[in-house]
Structures are given as C-alpha cells and as structure tokens.
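Student: Numbering (my numbering), first residue to last: 183 to 360. All C-beta atoms in this analysis are idealised placements derived from N, C-alpha and C, irrespective of residue type, glycine included. Sharing a structure, written as structure tokens. Questions coming.
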Amino acid sequence: MSRIGKQPISIPSGLDVSLNGSVLVFKKGNLTKELDTKGNVNVEIADGHIVFASKGEDRQSRAYWGTYRALANNTVVGLTAGFTRQLEINGVGYKAAAKGKVLELALGFSHPINYELPEGVEVSVEKNIITIKGSDKQVVGQVAAEVRGFRPPEPYKGKGVKYVEERIIRKAGKTSKK
C-alpha cells in the first residue's frame with residue numbers, strides 16, 4: 183500500500199483548487215497550474231483537503247496513486263512557499279552575475295557562458311552563491327543541474343560549481359619519488 187497516497191493535502195488559504203474532469207486546477211492570484219491525472223486515480227476535494235484514492239489494487243495503480251499525490255503536493259508547496267536551490271562557485275576567477283533573464287558565468291573557459299533562464303525561474307547571485315527560486319520543483323532542480331553541469335566540481339582542489347549541501351570527497355595529488 184502507498185503510504186504517501188493515503189495522506190490528504192490541506193489547501194492553504196488564498197489557493198483555489200478545482201477539479202475539471204481528471205484535471206486538477208490550482209489558482210493563486212494570476213498563477214494557474216494544471217495537473218492531469220489522466221484518469222489513473224480518483225481525486226476528491228472536500229473540507230479543505232485534496233484526497234487521492236487508487237483506482238485498482240494492481241501495482242501500476244498504486245504507483246500512480248502515490249505519484250500524483252506527490253505531484254499535487256509539490257504544486258501546492260510551489261505556489262505557496264516556492265522552491266529554492268543554492269549553488270556554490272569555487273575557483274580562482276570563477277564568478278557569476280544575474281542580468282535580467284540571463285545568468286552569466288565565468289568558469290575558466292575562454293568565453294563566458296550565458297545561460298537563458300526558463301519562464302518562472304528567478305536567480306540571484308551573492309558573492310559565490312547562486313540562488314535559484316521558482317514555483318515548479320522539477321524546473322528549479324533542472325536549472326540547478328544544468329548550471330552545475332557547466333563545470334562540475336573536481337576532486338583534487340574542489341574547483342567548480344557544486345550544490346551548497348554537497349560534500350566533495352577529495353583525492354590526494356601525485357607525490358614525487360625521492
């Protein structure tokens with residue numbers, strides 16, 4: 183049995199949730215997000231809660247049950263609080279600057295990297311910390327992974343772009359024979 187799917191999602195004040203067939207519609211101010219369950223789970227909105235139920239007892243139905251509940255919860259959290267991911271830049275001459283909808287990175291290449299930000303994502307840079315904010319968890323994580331991918335941290339000096347909470351396992355360099 184799904185443990186996640188059983189838990190109801192409480193709807194915070196200021197967020198309107200409606201069910202349109204198999205599509206959950208979330209509205210907060212002028213932001214609207216839709217979650218199409220494609221008829222794989224039963225969804226009910228009652229008493230300020232969204233409740234999901236499995237359509238069948240087979241393995242696939244139970245997987246959809248937990249998955250769609252988690253996606254709906256991420257949408258609720260994203261529209262109310264938002265998601266944040268932080269990256270740290272280490273290295274001599276490595277720097278970043280946010281210029282409108284473009285993140286400009288100098289990561290030791292012969293050219294600067296201009297990363298175009300997708301819609302709904304904001305970036306701020308303070309010293310060597312890049313903060314990525316947005317309402318969609320998947321998009322925020324994808325942007326962070328792509329920025330990290332330009333210069334992943336190397337194990338000898340730790341230079342590169344890494345997540346703030348990431349721990350780099352260091353290796354010993356070469357030693358000379360004497």
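Tell me, please, which residues DSSP counts as bridged to Gly316.
Tutor: In the sequence shown, residue 316 corresponds to position 134, counting from 1. Answer is Phe265 and Val303, bridged to Gly316.
Student: If we ignore side chains and look at the alpha-carbon of each, how far apart do Val259 and Leu197 end up?
Tutor: Start at 1 with the first residue of the sequence shown, and residue 259 comes out as number 77. Start at 1 with the first residue of the sequence shown, and residue 197 comes out as number 15. One C-alpha to the other measures close to 11 Å.
Student: Give me the DSSP bridge partner(s) of Thr214.
Tutor: Taking the first residue of the sequence shown as position 1, residue 214 is located at position 32. Looking at the DSSP assignment, Thr214 forms a beta bridge with Lys209.
Student: Of the choices Gly264, Phe291, Asn296 and Lys309, whose alpha-carbon is the least far from that of Gly302?
Tutor: Along the sequence shown, one-based indexing puts residue 302 at 120. The shortest Cα separation from Gly302 among Gly264, Phe291, Asn296 and Lys309 belongs to Gly264.
Student: Between which two residues does the beta strand (DSSP E) containing Ser236 stretch?
Tutor: The residue labelled residue 236 in the question sits at position 54 within the sequence shown. Segment His231 to Ser236, the beta strand (DSSP E) holding Ser236.
Student: Tell me, please, whether the segment 305-318 touches the segment 232-247 by the rule of three or more beta-carbon pairs shorter than 8 Å.
Tutor: No: the two stretches stay apart, fewer than three of their Cβ pairs being nearer than 8 Å.
Student: By how many angstroms is the C-alpha of Lys188 removed from the C-alpha of Val307?
Tutor: If you number the sequence shown from 1, residue 307 lands on position 125. If you number the sequence shown from 1, residue 188 lands on position 6. In a straight line, the C-alpha of Val307 is about 40 Å away from that of Lys188.
Student: Which of the three DSSP states, helix, strand or coil, is assigned to Ala278?
Tutor: For this step, residue 278 is matched to residue 96 along the sequence shown. In this structure, Ala278 counts as strand in the three-state DSSP scheme.
Student: Please look up how many angstroms separate the CB atoms of Ile271 and Gly230, rounded, as I've assumed it's under 8 Å.
Tutor: The residue given as residue 271 occupies position 89 in the sequence shown. The residue given as residue 230 occupies position 48 in the sequence shown. Not really, about 43 Å apart at Cβ, beyond 8 Å.
Student: With distances taken between CB atoms, is the gap from Lys215 to Val225 smaller than 9 Å?
Tutor: Counting from 1 along the sequence shown, the entry for residue 215 is found at position 33. Counting from 1 along the sequence shown, the entry for residue 225 is found at position 43. In this structure, Val225 does not lie closer than 9 Å to Lys215 by Cβ.
Student: Between Asn310 and Tyr276, is the Cβ-Cβ spacing less than 9 Å?
Tutor: Along the sequence shown, one-based indexing puts residue 310 at 128. Along the sequence shown, one-based indexing puts residue 276 at 94. Contact: yes.
Student: Out of curiosity, what's the CA-to-CA distance linking Gly355 and Val343?
Tutor: The sequence position of residue 355 within the sequence shown is 173, counting from 1. The sequence position of residue 343 within the sequence shown is 161, counting from 1. Each residue's Cα considered, the two are about 20 Å apart.
Student: Looking only at its own chain, which residues have a Cβ that is under 8 Å from the Cβ of Val321, when we skip the five neighbours before and after it?
Tutor: Here the question's residue 321 lines up with position 139 in the sequence shown. Counting only Cβ-Cβ distances below 8 Å, and skipping sequence neighbours, we find Pro300, Gly302 and Val303.
Student: Pick out whichever of Arg185, Val233, Phe332 and Val329 has its Cα sitting closest to the Cα of Ser200.
Tutor: Counting from one through the sequence shown, the residue named residue 200 turns up at place 18. When only C-alpha atoms are compared, the closest one is Val233.
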